[in-house]
Amino acid sequence: MTGEASLAAPAESGWVIAAATLPFPPVDSSGEHIQDAPAERWSTAFAQVVREGFAWVDLTDSWLRPGDLSPARVSELAEVLRQEALRPAAISLIRRSVIDPESGLDNLSYSLRTLEVAAQLHCSTVSVGLHRPLTSRQREALWFWTVDEPHDAQDPETWALAVERLSVLGRHAADLDLLLSLEMYEDTLLGTAASSVRLVTDIGLENVGLNPDLGNLIRLHRPIEPIEEMLELCLPHTNYWHMKNYYRIEDSSSGVILSAPTSMELGVLNYRHAVDLAIRHGFSGAFCLEHYGGDGLGVMSTNLRYLTAILQSRKA
Amino acid sequence: MTGEASLAAPAESGWVIAAATLPFPPVDSSGEHIQDAPAERWSTAFAQVVREGFAWVDLTDSWLRPGDLSPARVSELAEVLRQEALRPAAISLIRRSVIDPESGLDNLSYSLRTLEVAAQLHCSTVSVGLHRPLTSRQREALWFWTVDEPHDAQDPETWALAVERLSVLGRHAADLDLLLSLEMYEDTLLGTAASSVRLVTDIGLENVGLNPDLGNLIRLHRPIEPIEEMLELCLPHTNYWHMKNYYRIEDSSSGVILSAPTSMELGVLNYRHAVDLAIRHGFSGAFCLEHYGGDGLGVMSTNLRYLTAILQSRKA
Amino acid sequence: MTGEASLAAPAESGWVIAAATLPFPPVDSSGEHIQDAPAERWSTAFAQVVREGFAWVDLTDSWLRPGDLSPARVSELAEVLRQEALRPAAISLIRRSVIDPESGLDNLSYSLRTLEVAAQLHCSTVSVGLHRPLTSRQREALWFWTVDEPHDAQDPETWALAVERLSVLGRHAADLDLLLSLEMYEDTLLGTAASSVRLVTDIGLENVGLNPDLGNLIRLHRPIEPIEEMLELCLPHTNYWHMKNYYRIEDSSSGVILSAPTSMELGVLNYRHAVDLAIRHGFSGAFCLEHYGGDGLGVMSTNLRYLTAILQSRKA
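Residue numbers (the numbering used here), protein chains in the order written: chain E, 305 to 620; chain L, 305 to 620; chain Y, 305 to 620.
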């Protein structure tokens with residue numbers, strides 16, 4: 305498959321809407337690590353995803369790390385996906401920053417391995433970000449995004465390193481006919497709309513774009529950029545899209561700002577408008593539905609019906 | 305059509321549930337003002353409303369001001385509505401107070417013009433309120449209702465002026481076989497249940513009633529009147545009904561009060577109960593679904609299914 | 305019917321999902337007390353429950369107190385339930401603590417009478433708790449759970465009294481082939497997972513278990529035990545289950561904690577996971593759907609569809 309074909313595929317065959325494996329825990333109730341579990345355990349999760357109506361999956365590596373599987377195990381993964389008739393749209397790497405001061409080079413290496421596996425699985429996209437591992441204080445909190453975390457350094461050297469290493473990934477992705485998507489996340493070099501656009505522009509590769517996961521930003525208990533401005537700036541550069549939504553409460557007199565996870569339809573981000581705007585800007589990538597808090601799979605399934613209805617209503 | 309027929313129509317033909325055009329922006333993404341746009345642009349919005357299941361629309365003037373259209377353009381509006389098979393139930397005037405110290409007389413004149421157009425479009429109802437234009441601080445806020453705004457003066461002269469000018473509107477509405485509905489809104493003479501009932505009683509015209517848009521009040525980040533008491537007082541005087549709902553968080557120990565927009569089913573106002581109570585009090589007007597924040601049209605569509613189910617369940 | 309048969313019934317005939325009569329007021333809009341109303345009034349409520357899709361009901365005594373009905377009236381109740389084809393799964397006694405310092409003995413006597421009626425109505429379960437009547441300050445609040453309330457004494461005498469009196473109930477329930485379920489509720493001896501398990505263990509009767517109504521706990525505006533730990537501890541002892549869900553907002557920097565009632569799917573408690581875990585722990589009791597705030601019946605109906613889908617997806 306050529307790069308062109310890969311890019312055009314989603315639009316030709318209808319939209320790709322993938323379920324993130326984010327709601328599945330990396331260690332199951334019996335204490336077994338999913339990474340080392342027999343492929344039948346993976347099947348159980350995939351079957352649930354399929355029962356909720358999904359035809360595509362994003363192999364989010366908070367559950368399973370395809371890039372750390374042996375070739376034999378990758379074949380097993382491909383086989384159980386095939387058996388469940390679930391197609392892998394993408395692999396999303398979470399908290400594996402290539403500029404992490406401690407593990408940046410390891411993460412680069414892991415990301416490169418993941419690109420190889422993504423190509424073997426016929427994914428169209430790999431998503432990476434610059435956010436760091438959760439701190440122990442974050443892990444103790446009900447909502448980790450309400451706890452401060454390490455910030456990316458703002459100096460030119462860090463910027464250059466990010467451009468360089470993400471370019472390495474981008475070029476390797478291109479060689480493999482893959483899109484590389486950069487996930488927006490607060491307090492990283494992908495933490496504002498302007499910085500995200502500048503980073504993707506500095507990288508300057510056709511197959512590298514943004515993953516405007518604005519849910520990460522609108523849930524913050526602090527002032528944010530206007531949502532409409534973020535959409536206008538980022539959507540023209542978008543090639544993959546993690547979607548989730550939040551209620552956002554702001555009290556102008558006291559300055560209190562709070563959020564709560566909710567369905568795509570009910571949250572503050574108007575996805576009907578955002579999707580329309582993205583498509584007008586030429587977006588043809590895959591959508592990936594995520595949800596943290598409560599029944600992630602259930603809300604993702606509700607969101608699948610919602611997003612499908614929005615996309616169908618555009619065609620009518 | 306006689307006034308009697310106009311009043312009876314909704315009940316005869318099943319309930320009228322209109323979509324407010326509130327979710328549509330007055331200036332579209334290409335910078336074009338809807339007011340001056342070709343009628344095909346109006347059609348696009350109406351088609352969306354129809355696709356979401358609505359047979360009726362409330363021409364909310366935050367989107368399009370029918371009262372400021374030329375006769376030729378009003379005909380165009382009637383024609384595109386006919387083409388989309390969407391019937392106009394009402395025109396709602398937003399922030400066009402006839403006692404606004406600056407623009408009260410202009411608003412009176414505009415409201416009178418709007419009544420004429422409403423009659424030409426065969427609407428049953430025109431809704432007006434006493435709330436003022438959003439201040440710049442309100443426009444900057446995520447939720448404008450958390451920012452203080454101009455209050456109506458509480459003196460007898462202002463009250464008399466409100467009664468006089470709304471009576472002018474009411475009598476002209478009656479001449480045109482229209483209902484005039486007064487929208488409840490905080491910090492205006494229609495800001496409490498008692499004041500609203502007194503105002504509509506002082507006006508004393510059969511075709512003038514209340515629009516108990518309690519969503520305006522229950523979303524305030526300050527103490528409110530008990531919802532049940534507002535319903536009991538206002539529903540007997542109700543002739544039109546803007547509906548939207550909110551989560552309402554109150555913390556008794558700290559006094560914190562916060563809200564977030566949500567669906568009619570999930571919010572703090574029990575619409576199943578309120579609708580039942582209204583009908584027992586003889587309500588036979590039209591319902592109008594609104595929603596601010598996020599995907600207004602999507603939530604309104606969800607609310608249409610909810611309200612329809614409630615009304616059907618009463619008949620069963 | 306033997307005790308064994310009674311316990312096995314729900315599993316044999318598919319899961320029992322009951323609607324609580326909690327959303328119905330004890331005094332209707334005409335001022336009539338439901339307790340003294342003609343049975344046709346009860347029918348009206350039951351018909352609504354049936355229209356919302358329920359085949360089973362929990363006679364929550366905040367609406368109607370079956371234990372205070374005369375034998376003739378109990379027959380009337382059975383008859384209208386039969387006419388509506390609504391089967392009574394359980395009776396839930398609310399705020400009728402058998403260790404209430406003021407009314408404990410009266411409540412014990414009332415609870416014993418209720419067991420008799422539950423058996424006559426062919427319920428499988430009676431649920432009781434140790435929470436006290438709402439104080440006047442609680443009744444004035446929008447959300448009573450944000451106001452402090454009387455706490456159970458923590459001394460050994462109170463504990464022994466609870467064990468003794470609940471054992472009296474449990475043994476009488478066993479004689480009648482009924483399950484007795486103890487509802488978890490903050491600031492009572494059933495207020496933490498550990499205390500609840502210890503209490504049910506100290507009682508030590510096979511037909512006495514827990515009702516892990518964790519909605520009562522997760523809505524509190526103060527720190528709570530980790531939800532997962534509560535589930536792990538309590539589900540193995542669960543024989544009945546009041547279900548409702550809440551958004552839970554926690555701000556780690558300010559310590560602000562707030563909640564709002566929402567649907568089972570959208571709230572912080574992952575019921576898909578919890579139900580799966582319960583069934584793995586051998587749960588075979590009835591589910592009872594509750595909801596406070598707004599349209600309780602509507603949200604319960606939405607929750608019925610959600611829970612049914614979860615249970616079906618487990619079988620698939």
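All C-beta atoms in this analysis are idealised placements derived from N, C-alpha and C, irrespective of residue type, glycine included.
### Query
Checking contacts by CB at 9 Å: is residue 447 (chain Y) closer than that to chain L?
The count along the third sequence starts at 1 and reaches residue 447 (chain Y) at position 143. True, the Cβ-Cβ gap to chain L drops below 9 Å.
### Message
My parser needs the beta strand (DSSP E) runs of 3 or more residues fully inside the segment 468 to 519 of chain E; what are they?
### Response
Runs found: 483 to 487, 512 to 515.
### Query
Are the C-beta of residue 435 (chain E) and some C-beta of chain Y separated by less than 9 Å?
Indexing the first sequence from 1 puts residue 435 (chain E) at position 131. It does not; no Cβ of chain Y falls within 9 Å.
### Message
Let me check understanding here. Comparing Cα to Cα, which of L:606, L:527, L:549, L:482 lies closest to residue 589 (chain L)?
### Response
Counted from its first residue, the second sequence places residue 589 (chain L) at position 285. Among L:606, L:527, L:549, L:482, the Cα nearest to that of residue 589 (chain L) is on L:482.
### Task
Measuring only between beta-carbons, confirm whether residue 307 (chain L) sits less than 9 Å from chain Y.
To locate residue 307 (chain L), count along the second sequence from 1; it is residue 3. Confidence at residue 307 (chain L) is low in this model, with a pLDDT of 33, below 50, so the placement of that residue should be treated as unreliable; the coordinate-derived value is given next. Closer than 9 Å to the CB of residue 307 (chain L) there is not a single CB belonging to chain Y.
### Task
Return the Cβ separation of residue 486 (chain Y) and residue 470 (chain Y) in integer angstroms, given the expectation that the two are a contact with Cβ distance under 8 Å.
Translated into positions along the third sequence, residue 486 (chain Y) becomes position 182. Translated into positions along the third sequence, residue 470 (chain Y) becomes position 166. Confirmed, Cβ separation roughly 7 Å.
### Query
How would you write the range of the beta strand (DSSP E) that residue 362 (chain L) sits in, first residue to last?
By one-based count along the second sequence, residue 362 (chain L) stands at place 58. Per DSSP, the unbroken beta strand (DSSP E) holding residue 362 (chain L) starts and ends at 360 to 364.
### Task
Just confirm the distance between the C-beta atoms of residue 612 (chain L) and residue 582 (chain L), as a whole number of angstroms; I'd bet it's less than 8 Å.
One-based indexing of the second sequence puts residue 612 (chain L) at position 308. One-based indexing of the second sequence puts residue 582 (chain L) at position 278. The pair is not a contact, with the Cβ atoms about 16 Å apart (cut-off 8 Å).
### Task
Using a Cβ cut-off of 9 Å (strictly closer), state whether residue 525 (chain E) contacts chain L.
Residue 525 (chain E) sits at position 221 when you count from the first residue of the first sequence. Chain L contact via Cβ: absent.
### Task
Just the chain L side, please: which residues come within less than 8 Å of residue 581 (chain E) by C-beta, in chain order?
The residue labelled residue 581 (chain E) in the question sits at position 277 within the first sequence. 333, listed in chain order.
### Task
Ignore the nearest five residues each way along the sequence and tell me which others in residue 408 (chain Y)'s own chain have a CB closer than 6 Å to its CB.
Stepping through the third sequence from its first residue, residue 408 (chain Y) is reached at position 104. Correct list, in chain order: 402.
### Message
As an exercise, report each continuous alpha helix (DSSP H) stretch of at least 4 residues that is fully enclosed by the segment 355 to 402 of chain L, in chain order.
### Response
List check, alpha helix (DSSP H) in window: 375 to 387.
### Query
Counting along the chain, where does the alpha helix (DSSP H) carrying residue 411 (chain Y) start and finish?
Locating residue 411 (chain Y) in the third sequence gives position 107, where the first residue counts as 1. Segment 408 to 424, the alpha helix (DSSP H) holding residue 411 (chain Y).
### Message
Please give me, in chain order, every unbroken run of the alpha helix (DSSP H) with length at least 4 that falls completely inside the segment 435 to 468 of chain L.
### Response
Counting whole runs of 4 or more residues, the segment 435 to 468 of chain L contains the alpha helix (DSSP H) stretches 440 to 444.
### Query
Between E:512, E:602, E:575, which lies nearest to residue 259 (chain E) when the distance is taken from Cα to Cα?
Since the first residue shown for chain E is 305 and the last is 620, residue 259 (chain E) is missing from the structure and cannot be characterised.
### Query
Hey, is residue 421 (chain L) close to the ligand HEM, as in C-beta under 8 Å from one of its heavy atoms?
Questions concerning the ligand HEM fall outside what the structure shown contains, since it holds no ligand whatsoever.
### Query
Quick one, which of L:488, L:608, L:456, L:484 has its alpha-carbon nearest residue 422 (chain L)'s?
Within the second sequence, the letter at position 118 stands for residue 422 (chain L). Checking every option, the nearest Cα to that of residue 422 (chain L) belongs to L:484.
### Query
Is the Cβ of residue 458 (chain E) closer than 9 Å to any Cβ of chain Y?
As a working mapping, residue 458 (chain E) is identified with position 154 in the first sequence. Judged by the 9 Å Cβ criterion, residue 458 (chain E) is not in contact with chain Y.
### Backbone CA spacing between residue 377 (chain L) and residue 335 (chain L) [nearest angstrom]
In the second sequence, the residue the question calls residue 377 (chain L) occupies position 73. In the second sequence, the residue the question calls residue 335 (chain L) occupies position 31. Rounded to the nearest angstrom, the two C-alpha atoms are 20 Å apart.
### Message
Going by beta-carbon coordinates alone, are residue 371 (chain Y) and residue 399 (chain Y) separated by less than 9 Å?
### Response
Locating residue 371 (chain Y) in the third sequence gives position 67, where the first residue counts as 1. Locating residue 399 (chain Y) in the third sequence gives position 95, where the first residue counts as 1. No, these two residues do not count as a Cβ contact at 9 Å.
### Query
Which residues bound the beta strand (DSSP E) around residue 322 (chain L)?
Along the second sequence, read from residue 1 onward, the residue named residue 322 (chain L) stands at position 18. Per DSSP, the continuous beta strand (DSSP E) segment holding residue 322 (chain L) begins and ends at 321 to 324.
### Query
Under 9 Å between the Cβ atoms of residue 522 (chain Y) and residue 573 (chain Y)?
To locate residue 522 (chain Y), count along the third sequence from 1; it is residue 218. To locate residue 573 (chain Y), count along the third sequence from 1; it is residue 269. Taking the C-beta atoms as reference points, residue 573 (chain Y) is found nearer than 9 Å to residue 522 (chain Y).
### Message
Quick check on residue 548 (chain E): buried or exposed, where buried means 16 or more other Cβ atoms within 10 Å of its Cβ?
### Response
Locating residue 548 (chain E) in the first sequence gives position 244, where the first residue counts as 1. Per the 10 Å Cβ criterion, buried.
#### Entry: Burial state of residue 317 (chain Y) (16 or more Cβ within 10 Å)
Walking along the third sequence from the start, residue 317 (chain Y) turns up at place 13. Because residue 317 (chain Y) carries a pLDDT of 47, less than 50, the predicted location of this residue cannot be relied on, and the following value inherits that uncertainty. Taking a 10 Å sphere around the C-beta of residue 317 (chain Y), we find fewer than 16 other C-beta atoms and assign the residue as exposed.
### Message
Contact criterion: CB-CB distance below 9 Å. Does residue 321 (chain L) meet it with respect to chain Y?
### Response
Along the second sequence, read from residue 1 onward, the residue named residue 321 (chain L) stands at position 17. For residue 321 (chain L), the answer is no, since every Cβ of chain Y falls outside 9 Å of its Cβ.
#### Entry: Buried/exposed call for residue 600 (chain Y), threshold 16 Cβ in 10 Å
Position 296 of the third sequence, counted from the start, is the residue given in the question as residue 600 (chain Y). By the 10 Å Cβ count, residue 600 (chain Y) comes out buried.
### Query
When burial is assigned at 16 or more other CB atoms within 10 Å of the CB, is residue 388 (chain L) buried or exposed?
For the purposes of this step, residue 388 (chain L) is taken as residue 84 along the second sequence, with counting starting at 1. By the neighbour-count criterion, in which a residue is buried when 16 or more other Cβ atoms sit within 10 angstroms of its Cβ, residue 388 (chain L) is buried.
### Task
In the DSSP assignment, find the unbroken beta strand (DSSP E) run with residue 433 (chain Y) in it and report its ends.
Taking the first residue of the third sequence as position 1, residue 433 (chain Y) is located at position 129. Residue 433 (chain Y) -> beta strand (DSSP E) spans 429 to 433.
### Task
Could you confirm whether any beta carbon from chain E is found closer than 9 Å to the beta carbon of residue 609 (chain Y)?
Locating residue 609 (chain Y) in the third sequence gives position 305, counting from the first residue. No, because no Cβ of chain E sits closer than 9 Å to the Cβ of residue 609 (chain Y).
### Message
Rounded to the nearest angstrom, what separates residue 472 (chain L) and residue 508 (chain L) at their Cα positions?
### Response
Within the second sequence, numbered from 1, the residue matching residue 472 (chain L) stands at position 168. Within the second sequence, numbered from 1, the residue matching residue 508 (chain L) stands at position 204. In a straight line, the C-alpha of residue 472 (chain L) is about 12 Å away from that of residue 508 (chain L).
### Query
Skipping 5 residues on each side, what residues in its chain have a beta carbon closer than 6 Å to that of residue 324 (chain Y)?
Within the third sequence, the letter at position 20 stands for residue 324 (chain Y). Taken in chain order, the residues that qualify are 362, 364, 592, 594.
### Task
Following the continuous alpha helix (DSSP H) through residue 609 (chain E), name the residue where it begins and the one where it ends.
Locating residue 609 (chain E) in the first sequence gives position 305, counting from the first residue. Note, residue 609 (chain E): alpha helix (DSSP H), 600 to 619.
### Query
Do the segment 460 to 469 of chain E and the segment 497 to 508 of chain E touch if we need at least three Cβ pairs shorter than 8 Å?
Touching, per the Cβ criterion.
### Coil, strand or helix - residue 578 (chain Y) by DSSP
Within the third sequence, residue 578 (chain Y) is the residue found at index 274, counting from 1. In the three-state reduction of the DSSP assignment, residue 578 (chain Y) falls in the helix class, which pools H, G and I.
### Query
Just the Cα atoms here: how many angstroms apart are residue 347 (chain E) and residue 618 (chain Y)?
If you number the first sequence from 1, residue 347 (chain E) lands on position 43. If you number the third sequence from 1, residue 618 (chain Y) lands on position 314. Their Cα atoms are separated by approximately 14 Å.
### One or two residues paired with residue 270 (chain E) in a DSSP bridge
Lying outside 305 to 620, the shown extent of chain E, residue 270 (chain E) is not represented and no answer is given.
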